[in-house]
Amino acid sequence: MNLDFERIMPSIPYILEGIPITLQVVGIAAVIGFVLGILLSLMKISKLKPLNWIADFYTSIFRGTPLVLQLMLIYFGSPQLFGVQIDAFEAAFLSFGLNSAAYISEVIRGGIMAVDKGQMEAAQALGVPYKSSMLNIILPQAFKNILPALMNELITLTKESAVVTIIGLGDIMRRSYIVGGETYKFFEPILIAGLIYYVMVMILTIIGKVIEGRMRRSD
Amino acid sequence: MIKIENLHKSFGKLDVLKGIHTSIKEGEVVAIIGPSGSGKSTFLRCLNLLETPTKGQIWIKDKEITTKGIDISKVRENVGMVFQHFNLFPHKTVLGNIIYAPMKVKGISKADAEKQGRELLEMVGLAAKENQYPNKLSGGQKQRVAIARALAMKPEVMLFDEPTSALDPEMVKEVLAVMKSLADSGMTMAIVTHEMGFAREVADRILFLDGGNLIEDASPEEFFSTPKSQRAQDFLEKVL
Ligand SMILES: Nc1ncnc2c1ncn2[C@@H]1O[C@H](COP(=O)(O)OP(=O)(O)OP(=O)(O)O)[C@@H](O)[C@H]1O
Ligand SMILES: [Mg+2]
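Laid out in structure tokens, this is it:
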């Protein structure tokens, strides 16, 4: 195999500049996904049937269609959807956030269901209102159980974010592709992109292990 | 203190409570006994609205808790409950378990809640354990923490649902001792129990439930020596 990194050396900083862009998209999308995911999961376990239906419908839509399609719908459809043309960055974190909310809500719902029923009863028997019981008693226990699954979702999000290339956002993936086009050498820059994604995922994995270890201590 | 009239509860087609009339006076200790599935837990859980009665009325301190639109959390503040499986919050320390509800619900300061919490832990003999997490405690210790946690809300009534059934035999005593001292201090208590010796010694009255009906309501002496109904006689024959 002959690899020639010399030609693309000068372009490496350009590729690296994609890292903060990828991180920002992933970061904002993760926050949206998490907050909306909690809301959706609470709707799913609600006693009010219409709330169940809405949340289940939402989830089925975002799980039932390709992510890249959702991204394109939101980006190209934004004038019709929101009345303005949003930029690629906004379209990216919006679609990833809305998409991962669907997956995260399922994970959180499972986590809540796995908490012993007696916990909610004990809190309510003390006169603690439902909302506080959920927030202070049930969710902290649920999160402890689902932390590995949430970390997994974040890792998936980081890797999948590469599809923003298609709407022209200058993330790691797109930049390496551009360098390929300019130097007529695609293999090397894309290898570099792969290495960057791999390192990011490894770092996330380690962070996840550390947090998990901390939480184990009260066991 | 508590008045119960024509209390019914059904789960779907299953009638679990079939019209219970009784009352509990202030400072009275009532033991609720009966065969498995007779509705003891359901009866107790209606008293703090963990179950919503299908029919009938319950008053606590002259206030009807079964009216529509009642603030359920407010009712529960005043009625402590101790569960068979403790249900301590595993992510909070012993003291954290105790101070949580008073701070959250009554809005008292952390310092005050901790001071009161330590007094309660002293009372149940666990002052040294305040910083432990529940999973480091024995069953008997867990249950005593659970009692302290319920008392921290300063309830006027305490409900116990088989508080010693999940305990190893050697730990039953320490929990019963705490309950006895609570009874002696004048607390109004309703206790579902299989500990016949304890019921006989501590209770002022025995309620015997069978098949969702209140079959006997008698003093312990009367109930244990001369039970009126055949079903109570059969039951006692089996457990004594
Ligand atoms: N949430 C529920 N849904 C459906 N059925 C229930 C529910 N809770 C209790 N039951 C049924 O109601 C009946 C009475 O239950 P309950 O727990 O009150 O009995 P118990 O006297 O406390 O029995 P045990 O001594 O076994 O605790 C049982 O047949 C039980 O299966
Ligand atoms: Mg029971």
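These protein sequence lines map, in sequence, to chains E and W. Note that UniProt numbering has the first sequence beginning at 1, numbered continuously upward. Note that UniProt numbering has the second sequence beginning at 1, numbered continuously upward. Positions of the beta carbon are idealized from the N, C-alpha and C atoms, including for glycine. The structure displayed is predicted, hence computed values, not measured ones.
Asked	Found
Does Leu50 (chain W) have its Cβ less than 8 Å from a Cβ in chain E?	yes
Using a Cβ-Cβ distance cut-off of 8 Å, determine whether Arg76 (chain W) contacts chain E.	yes
In chain order, which alpha helix (DSSP H) runs of at least 4 residues are fully inside the segment 146-185 of chain E?	172-183
Please compile the residues from chain W whose C-beta is within a distance smaller than 9 Å of the C-beta of Glu121 (chain E).	Arg45, Leu50, Met81, Phe83, Asn87
With a threshold of 8 Å, are at least 3 pairs of Cβ atoms found where one atom belongs to the segment 116-128 of chain W and the other to the segment 158-171 of chain W?	no
From what residue to what residue does the alpha helix (DSSP H) around Leu71 (chain E) run?	67-82
With 8 Å as the threshold, decide whether the Cβ of Ala125 (chain E) is near any Cβ in chain W.	yes
Mind checking whether Gln119 (chain E) and Phe89 (chain W) have CB atoms under 8 Å apart?	yes
On the DSSP letters alone, give me the boundaries of the beta strand (DSSP E) that Thr22 (chain W) sits inside.	14-24
Just verifying my parser: in three-state terms, what is the DSSP assignment at Leu135 (chain E)?	helix
Can you list, in chain order, every residue whose CB sits closer than 5 Å to a heavy atom of ligand 3?	Only ligand 1 and ligand 2 can be found as ligands here, which leaves ligand 3 out of the picture.
Take every Cβ of the segment 181-190 of chain E, pair it with every Cβ of the segment 30-38 of chain W, and state whether three or more of those distances are shorter than 8 Å.	no
Apart from the five residues on each side of it in sequence, which residues of its chain come closer than 6 Å, Cβ to Cβ, to Gln85 (chain E)?	Ser78, Pro79
Using 8 Å as the Cβ pair cut-off and three pairs as the minimum, do the segment 27-38 of chain E and the segment 152-163 of chain E touch?	yes
Taking 7 Å as the cut-off, is the C-beta of Val192 (chain W) nearer than that to any heavy atom in ligand 2?	yes
Tell me the DSSP secondary structure of Glu17 (chain E) in three-state form.	coil
Using a Cβ cut-off of 9 Å, which residues of the segment 123-154 of chain W contact any Cβ in chain E, in chain order?	Tyr133, Asn135, Ala146, Arg149, Ala150, Ala152, Met153
So what's Gly80 (chain W) in DSSP terms, helix, strand or just coil?	strand
Measuring straight from C-alpha to C-alpha, what distance separates Asp171 (chain E) and Thr22 (chain E)?	5 Å
Please determine if the segment 48-60 of chain W and the segment 3-11 of chain W are in contact, where contact requires at least 3 C-beta pairs separated by less than 8 Å.	yes
What residues in the segment 99-122 of chain E have a beta carbon less than 8 Å from any beta carbon of chain W?	Asp116, Gly118, Gln119, Glu121, Ala122
Considering only residues of the same chain and omitting the five flanking positions on each side of Leu42 (chain E), which have a CB-CB separation below 6 Å?	none
Return the residue from the list W:Lys115, W:Lys92, W:Phe43 that minimises the CA-CA distance to Met81 (chain W).	W:Phe43
In terms of DSSP beta bridges, what is Ile33 (chain W) paired with?	W:Phe208
For ligand 2, is there any heavy atom lying closer than 7 Å to the beta carbon of Asp161 (chain W)?	yes
In chain E, which residues lie with their C-beta within 9 Å of the C-beta of Val105 (chain W)?	Leu126, Gly127, Val128, Pro129, Ser132
Between the C-alpha atoms of residue 294 (chain W) and Asp112 (chain W), what's the straight-line distance to the nearest angstrom?	Lying before the first or after the last residue shown, residue 294 (chain W) is absent from chain W, which here runs from 1 to 240.
Quick one: list the residues of chain E neighbouring Ser73 (chain W), beta-carbon separation under 8 Å, in chain order.	Gln124, Gly127, Val128, Pro129
Compare the C-beta of Ile190 (chain E) against all C-beta atoms of chain W and say whether one is closer than 8 Å.	no
Got a sec: is the Cβ-Cβ distance from Ile137 (chain E) to anything in chain W below 8 Å?	yes
By DSSP, does Ile60 (chain W) sit in helix, in strand, or in coil?	strand
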